[in-house]
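Structure below.
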C-alpha cells in the first residue's frame, strides 16, 4: 500500500520558532561561506552597519538612510537563512519522530552460533556487531539490522514504514532482511546482524532526514559557481559605476553603491537554493522513500528510461480469472456452477478470483454443504488438480494435461474445440485451466496476469515526459509481448536473467541515457548498483538495500513513477526560481540605474520608465523588495512547483512565460509600489 507519511504543516508554529533561532545562528560567517551570494550580502550588511554607526555618531545627517539600508540588508540575509532553516526544521521534526522509535534494546545473542542449542546471553543492542547471531521471539524487538538465517515470523514494521499491517519475513528468500526497531509478532527467528552500532537503517534515516549527510549535488555546485560568477560580474559593474560617477561629477555614497550591488546580484535564488534541495528530499521522505543523497533525487529528475518488473508493478502479480469458456453442449452457467463447487476450498489468489467471477458475472451464490456427504479434493503439486466429490458428482479443475489425464484423454484425442480454446489462451499469454465432471470435459477457465487498470495512462504520461518504459519479465516472449502491448510499454525484456538486466542497463548508459529500476532480491543488486536511480524495496534483502541509492519503505514498485516525478519537480522548481531570480536582476538593473544617474545624464530619462521619487528612494525600495521577494517565495521553494507530464519544450515555454516574464515584470511593480510608500512616509 502506497501512502505518504504524516508531515508537519508547511509553517508549523514550533518549526517556525526554531527556524528563527536557527536563522540567527546561521549568521556565522563560517556557515554562510558555503553560499557565496548570501555571504557577500552579509559582508555588505556589516559594511553598511559600520557606515551607519559612523553617520550616527558623526551626525552627518545620513544615519537614518544608512540605518534603513543596513536593517534591510540584514533582513535579506536572515530571510535567506530562514528559508533553509524552515526546510531543515521540517526534516528534523520527522527525524525526531524516528528517534523516538529507537530504544536501547536488549538482545539475545547466541553463545554458540553454529549449535542448534538456543543458549544465549542478554546484551545491549549497542554491543552487537556484524556477524553476531541473535534469537528473536514473539514480542521481542529486533535489536539491529540483519538477515534471517533460520525461521519465519510475522513482523510489525509500522515504526519504519507507517503501515500498521504486519509483514512476513523468512529465511532463504528475497524477504529475509529485517530492520532494527521492528517487532516480531509471532514465531521465532534467528537473525545474523549486518549493521555496526550507529550505522543501522534507522540511524541512516535520521541522518539523511536531518540533512547531516546532505552534500551539494553536481547541479547545485554548477549553479553555485554560476551565481558566484554573476556576483563577481556585478561587483565589477558597480565598481565601474563608481568610477563613472566620479568621472562625471555625480556623488554616490559607498552605502548606495554596496546596496546597489546586493540588489543586482542573484540573492533570490542564492537565498533559496539550499532550501529547494532540502525540500526536494523532504518531499521524497514524506512519500516514504529514503534517498541516500540529493544526487539520487536529482538523477531521478533526469531519468529517461525506466526498467519495471512486470509482476506487481505492471500487473497485479496474481493470475485472475477473466472468463469461463464452455464446450459445446454445456452452457456458461452450468460451467460456472461446476467451477464454483470445485473452488469452495481453494484459498489461493487464483481460487478466490475464480469464486469472485462466479458470483460477480454469473450471479451465483455458494451452495450450503452442511449435512451433505461431500469430500473436498485439495490441490497438490503431484496431481495439480483440486475439486469436490458429493452425491454422484465428481468435479475437478486444474492444469490442462492433468485434467485430460483424469478424463482418460490426451492432446491428440481430446475434443478439438477444447484444445483450440486452450491454445488460444496460451497464445495470448494467459493460463488455461481445464474443468471436468465425472470424467467429461466441461470447458476452460482463462486465468490472466491482469494489467493494472490505470497503468497505460501512466505510461502515456511518462511518454509525454520523454521517458521510455521497459518491462522486465521472466515470461516467455509471446506472453511478454502480449502484456507489453496491453500495458503500453515501449519495450520489454523476456526471460530476463540478472545478467540480462545488467547488460541492458550498461548498453543504455553507453548511449547517454539515465536509467532507473527497482528491485528487492539479491539477484537485483548488480543492476540496482549500476542504474543511475536504483530503488530497493524495504522488504527486500540487505544486499538489494545496500546496492540501491533509494529505499522504498512501502515496498511498492509502482512508486518508481512518482519518484521520477518528484525528481523532475525538484529540477523544475530550481530552474524556475533561477530563471525568476536572474530576470529579477535584469529588471532591477534597468529600474534603478536610470534613477541614480538621470540627474547627471538627462538622456537616461527615456529609460526612467518608473519615475522613482529620488535616487535614495530608488535604492531603498530595491533593497526592501529584494528582502521581501525571498520570503514571498519560501512557500514555493518548500512546496515545489506543481509538475505536469508534458514535453520538455512545453515546460520550457511555460517556465519562460511565468517565471521569466514574471521575473521581469514583478520588480517594476514591486519597486514602484514600495517607492510610493517610502516617498509618502518620507523614509528617504
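Numbering (the working numbering), first residue to last: 59 to 742. C-beta atoms are modelled at their ideal positions from N, C-alpha and C, and glycine is treated no differently.
Counting the other CB atoms within 10 Å of its CB gives residue 211 a total of 16 or more, which places it among the buried residues. Bounds of the beta strand (DSSP E) holding residue 180 are 178-182. With a cutoff of 8 angstroms on beta-carbon distance, residue 422 and residue 394 are scored as near each other. When only Cα atoms are considered, residue 189 and residue 250 end up about 6 angstroms apart.
Beta-bridge partners assigned by DSSP to residue 450: none are found. Shown here for residue 81: same chain residues with a beta carbon closer than 6 angstroms to its own, the five before and five after excluded, namely 136, 139, 140, 143 in chain order. Judged by DSSP secondary structure, residue 248 falls within the beta strand (DSSP E) whose first and last residues are 247-251. About 23 angstroms separates the beta carbon of residue 558 from that of residue 357, a gap too long to meet the 8 angstroms contact definition.
The alpha-carbon of residue 601 is positioned some 27 angstroms away from that of residue 274. Within the region 565-621, the runs of alpha helix (DSSP H) at least 4 residues long that lie entirely inside it are, in chain order, 583-588, 600-605.
Non-local beta-carbon contacts of residue 226 in its own chain, meaning distances under 8 angstroms to residues more than five positions away in sequence, involve 210, 211, 212, 213, 233 in chain order. 8 angstroms or more divides the Cβ of residue 528 from the Cβ of residue 492.
Annotation: residue 700 to residue 627 spans about 7 angstroms, alpha carbon to alpha carbon. Nearest to residue 326 by C-alpha distance, out of 684, 348, 709, is 684.
Going by beta carbons, residue 454 and residue 494 fall inside the 8 angstroms limit. If you draw a straight line from the Cα of residue 194 to the Cα of residue 236, it is about 11 angstroms long. When the five nearest sequence neighbours on each side are left out, the beta carbons in the same chain lying within less than 7 angstroms of the beta carbon of residue 732 are those of 679, 682, 683, in order along the chain. Counted as a single uninterrupted DSSP element, the alpha helix (DSSP H) harbouring residue 460 occupies residues 458-464. Of the candidates 100, 147, 145, 100 places its Cα closest to the Cα of residue 128. In the same chain as residue 638, and ignoring 5 residues on each side of it, the C-beta atoms closer than 6 angstroms to its own belong to 717, 721, in chain order. Between residue 329 and residue 96, the C-beta spacing is below 8 angstroms. By alpha-carbon distance to residue 361, the top candidate from 738, 712, 624 is 624. Counting along the chain, the unbroken alpha helix (DSSP H) around residue 326 starts and ends at 325-344. Under the DSSP assignment, residue 241 falls in the beta strand (DSSP E) whose first and last residues are 241-244.
Annotation note: the region 375-407 contains the following uninterrupted alpha helix (DSSP H) runs of length 4 or greater, listed N- to C-terminal: 390-400.
Membership of residue 555 in any beta strand (DSSP E) is not indicated, and neither H nor E is assigned to it by DSSP. For residue 496, the number of other beta carbons within 10 angstroms of its own is below 16, and it is reported as exposed.
Around the beta carbon of residue 522, fewer than 16 other beta carbons lie within 10 angstroms, which makes this residue exposed. Non-local beta-carbon contacts of residue 315 in its own chain, meaning distances under 6 angstroms to residues more than five positions away in sequence, involve 296, 300 in chain order. Taken atom to atom, the span from the alpha-carbon of residue 636 to that of residue 247 is near 53 angstroms. DSSP places residue 208 inside the beta strand (DSSP E), whose first and last residues are 204-214.
For residue 490, the enclosing beta strand (DSSP E) starts and ends at 489-495. Sequence-distant partners of residue 490 (beyond 5 residues in either direction) whose C-beta falls short of 8 angstroms from its own C-beta, in its chain, are 458, 479, 480, 483, 484, 502, 503, 504, 505.
The C-beta of residue 551 has 16 or more other C-beta atoms within 10 Å across all chains shown, which makes the residue buried.
Here residue 594 is near residue 577, since their CB atoms are less than 8 angstroms apart. Under the three-state reduction of DSSP output, residue 79 falls in the helix class.
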